[in-house]
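Since the structure comes first, as structure tokens, the remarks are kept for the end.
2 protein chains.
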Amino acid sequence: MERRTVTNSKAPGTGLVIRNLQARDIRFPTSLGAHGSDAMHTDPDYSCAYVVIYTERDVEGHGLTFTLGRGTEIVVQAINSMSSMVIGKDAAEIFQNFGAFWRQLTSESQLRWIGPEKGVVHLATAAIVNALWDLWGKVENKPVWKLLVDMEPETLVRAIDFRYITDVVTPEEALAMLKKAASGKEEREAELRRIGYPAYTTQVGWLGYTSDRVKELCAKYLAEGFTAFKVKVGQNLEDDKRRCAMVREVIGWDKVLMVDANQIWDVQQSIDWMKELAEFKPLWIEEPTSPDDVLGHAKISQALKPLGIGVATGEMCCNRVLFKQFLQSGGMQFCQIDSCRIGGVNEILSVYFMAKKLGVPVCPHAGGVGLCEMVQHLQMFDYVCLSGTKENRVVEFVDQQHEHFENPTVVKRAHYQVPIVPGYSTKLKPASAEAYEYPNGSKWQEMFSKGIFPRPAGKFGGN
Amino acid sequence: MERRTVTNSKAPGTGLVIRNLQARDIRFPTSLGAHGSDAMHTDPDYSCAYVVIYTERDVEGHGLTFTLGRGTEIVVQAINSMSSMVIGKDAAEIFQNFGAFWRQLTSESQLRWIGPEKGVVHLATAAIVNALWDLWGKVENKPVWKLLVDMEPETLVRAIDFRYITDVVTPEEALAMLKKAASGKEEREAELRRIGYPAYTTQVGWLGYTSDRVKELCAKYLAEGFTAFKVKVGQNLEDDKRRCAMVREVIGWDKVLMVDANQIWDVQQSIDWMKELAEFKPLWIEEPTSPDDVLGHAKISQALKPLGIGVATGEMCCNRVLFKQFLQSGGMQFCQIDSCRIGGVNEILSVYFMAKKLGVPVCPHAGGVGLCEMVQHLQMFDYVCLSGTKENRVVEFVDQQHEHFENPTVVKRAHYQVPIVPGYSTKLKPASAEAYEYPNGSKWQEMFSKGIFPRPAGKFGGN
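First to last, the sequence lines map onto chains A and B.
Residue numbers for the first sequence follow our numbering, beginning at 1 and rising by one.
Residue numbers for the second sequence follow our numbering, beginning at 464 and rising by one.
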């Protein structure tokens, strides 16, 4: 494959050698407030495995993958085990042929056995790759969405590993799609800078919240201009009906309601349960069953289509091969990419191309730690350069953990505002990283002292 | 769910408290001989994450999950992180309602995010669960196949978590299947003890072997009574043709040839390449493409059916939900369960039930470290209690690493002989475990000293 320089700022192979990569276990004690609680994840401590890439120059890359607390130490171990594939490499060379590097990372001949391209090793890949994109943005002095928007189509396509997806999209097709969508780019970028990208809120409907809190939050977000609201369901049908009715009462019937079961049901149960909730006119049912069950989702989609309910999934879809099948099979009417689950920006780009090809709108999953910060860049790229439309598209927004980031997401009038600081918006405030590093950070030590959480056993058998 | 005692040897809750669980990183330097080399895994060091469960009585459980070397430390970390869900539990209670315990292990509300039920955490689950079955066998003084054969159907079905698979098989159906197949059990068990279960060999066709070695090994295994031979393909078409022709020349056309691509191709490429190899009349093409691509395998199966070539896959199929879809879709004509990839005996049993229901023969994957030792138990259970037939069924056999086990697999006249020692045949010889523990075992220290392998960096960034 031909190599070419990406920018004029430096010649290939000069001056951006990666000298170190550090992985840290950062956990926020969100379980104390039932924030993020759903049918399957009853007590999450929103956390991340946080990567900093140091170069020989005065520029760093920051990246992360989101986790729910326990197990973050396993992802950190995986990042450490993979670090030797990154340290010593020239980042400028990586960026020129990023897809080839991505394949090296994900296809290491011994390590791939314990994936491949799924679970812990793929989350570790995401954290590393996200840090590399942050670094690239900083080197180019652009936020990642703008880096992507300005990138030569050939360079962008070369960032993608098309292995296993050429039956849906080839590099040549991807290139043609970008070139075809080039018309109108400037107008869309200008409009995006003016208005932003529409968001919906999940803040109103965590399972652990009381009725009063739900109503209060609905009113608050409605007043802020939100028009789409998501509610967690699946633990108790009568309770779900009560909550959906309550939300509809506050938001009215002209607004959009989505419901989210977080994988609690089997296939037939999904269909039966959603028939009971159809009266509340949800736009979609999210994650009705196993995130691996393509054929199950296709069956559910078929059954719910006459009721006007679509199926949304993707936040736990483990790689592009699963996404490919969800898109091929009609098992997904809304494609919910996540910025940390699959192997970083490169693999997510491949999903955008497949979704465009097969005509499925992408509505990213966000929330957690840093997901909003990252995913806004991707969706803005898609709008300007690929899909060219916001129709049927909206990005999840959860107003949590943003205070720990140096350049947090800005949502105004229910729209994500374009990030302007160079990079991928992934840098944690040093004070937050220090305080919440598990288990030695000052906040954790304080909570252990007070008996709010037990001190963990050695590395970390503690539960 | 009703609880009942499994055996008469003890009352529930008495006397089998698990007091500790230890995980070790054991690696054998097989890359030195190109043993196990294939199109995707060019230099494997066959390894395992090895678990020992200690109880308050004088009985231990030994279990493992197979790995290829690098990354084993990540699986060991995952086992350590999960150990608190096991330590302190009463094993006798676990066994009485094993499916419920299995769900606890795989659905831990924070940890499941980094799976769920796939990759590193699921390999760790397999190692732990396999050790529990070994313990159960020892407590009952039976090899695991016989433990399963003699088990009350209700207890066996209660060991399975049916979440996400009830659209194919329910607990009630599974129970009925066992009861229906009960007739003839004694005769089949007696026959199995006399003759054993048929094996095929993969020993003849690793990609790293020379032509002379391949021919010599074909002749050797032919003389031992083997009638089915598997060859690795996929790196170079002309080389594949030469190797297949060579093997056919030695084994003749009345014997069975299988070919294995280890995921090297895309969907269309799989079809094109196999059309070129059809002249050698392979029974199956194994792992033509991504192990996650159900629809891709279905397409390949359709295209190759007229050529008389089936598709086999499963060794990297990450859980029962993927198996369900492969079986539902016609993407798998031979179901290759693996004893360590999905979550241990419990989940594999669910695959046997689905395969039986949907009429697909199970031909287990084996080789590696301990896979032959474990999988023989499962296939023998299936023959005696469920499928009741050996038709179209055969178990892989690779004659490597058996010398490290206290009770290695015995294959005579190309048939696995029934294991007679209580447990799951999973105990490593203490001397082997000591010598090959990575990186501090005596053999590894010796190889580092001689410069045969580099000393690893701290935990283990070394590559």
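Cβ coordinates follow ideal geometry from the N, Cα and C atoms, glycine included.
As the structure is a prediction and not an experimental result, all values here were calculated from the model.
When beta bridges are read from the DSSP output, B/K642 appears opposite no residue. For the stretch 283–299 of chain A, the set of positions with a beta-carbon nearer than 9 Å to some beta-carbon of chain B reads T289, S290, P291, D292, D293, V294, L295, G296 and K299 in chain order.
According to the DSSP assignment, A/A190 belongs to the alpha helix (DSSP H) that extends over K185 to I195.
Contacts between A/F460 and chain B, judged by CB atoms closer than 9 Å, involve N543, S544 and S547 in chain order. Fewer than three pairs of CB atoms, one per stretch, sit closer than 8 Å, so the stretch 140–152 of chain A makes no contact with the stretch 560–578 of chain B. DSSP places B/Q567 outside any beta strand (DSSP E); the residue lies instead in the alpha helix (DSSP H), whose first and last residues are F561 to T569. If you compare the alpha carbons of B/E654, B/A653, B/I658 and B/L685 with that of B/V667, the shortest gap goes to B/L685. Taking all protein chains in view, the Cβ of B/A645 is surrounded by fewer than 16 other Cβ atoms within 10 Å, so the residue is classified as exposed.
Put simply, the backbone Cα of A/G225 is about 5 Å away from that of A/A414. Here the stretch 262–275 of chain A lies against the stretch 621–630 of chain B, with 3 or more beta-carbon pairs under 8 Å apart. Nearest CB-CB separation between B/R783 and chain A: not below the 7 Å threshold.
Assignment of A/A312 by DSSP, reduced to helix, strand and coil, places it in the strand class.
A straight-line Cα-Cα distance of about 30 Å links B/V514 and A/Y50. Interface criterion not met: the Cβ of B/R487 is under 7 Å from no Cβ in chain A. If you draw a 10 Å sphere on the C-beta of A/S387, you find 16 or more other C-beta atoms in it, and that means buried. One finds D266, T289, S290 and D293 in chain A with Cβ atoms closer than 7 Å to the Cβ of B/Y627, taken in chain order. B/N543 sits away from B/Y517, with the two beta carbons spaced by 7 Å or more.
Inter-residue distance for B/P579 and B/K683 is about 44 Å (C-alpha atoms, whole angstroms).
A Cβ-Cβ separation of about 11 Å leaves A/V395 out of contact with A/S339 under the 8 Å criterion. Look at the stretch 781–862 of chain B and you find these whole runs of beta strand (DSSP E), each 3 residues long or longer: 858–860. Rounded to the nearest whole angstrom, the CA to CA distance from B/P492 to B/T530 is 12 Å. Taking the CA atoms as reference points, B/R487 sits about 30 Å from B/L619. Counting C-beta atoms within 10 angstroms of its own C-beta, B/T852 has fewer than 16 neighbours from the protein chains shown and is therefore classed as exposed. A/P288 is the residue among A/P288, A/Y436 and A/G196 whose C-alpha sits nearest the C-alpha of A/V311.
Cβ proximity to chain A below 9 Å picks out S570, E571, S572, Q573, L574, R575, W576, I577, G578, P579, E580, K581, G582, V583, V584, H585, L586 and A587 from the stretch 560–589 of chain B. When secondary structure is reduced to three states using DSSP, A/D25 falls in the strand class.
For A/I74, the chain B residues whose Cβ falls inside 8 Å of its Cβ are I537, Q540, A541, S544, I577, V583 and V584, in order along the chain. Per DSSP, the continuous alpha helix (DSSP H) segment holding B/W736 begins and ends at V730 to L740. It is roughly 29 Å from the alpha-carbon of A/W273 to the alpha-carbon of B/I811. In this structure, the beta-carbon distance from B/N870 to B/S888 falls below 7 Å. Per DSSP, reduced to three states, the secondary structure at A/W253 is coil, with no helix or strand assignment.
DSSP links B/S510 through a beta bridge to B/R490 and B/T530.
Contact check for A/G343 against A/T125 passes: the beta carbons are separated by less than 7 Å.
The Cβ of A/R70 sits closer than 7 Å to at least one Cβ of chain B. A/K459 is not bridged by DSSP to any residue. The continuous alpha helix (DSSP H) containing A/E216 extends over residues S211 to A223.
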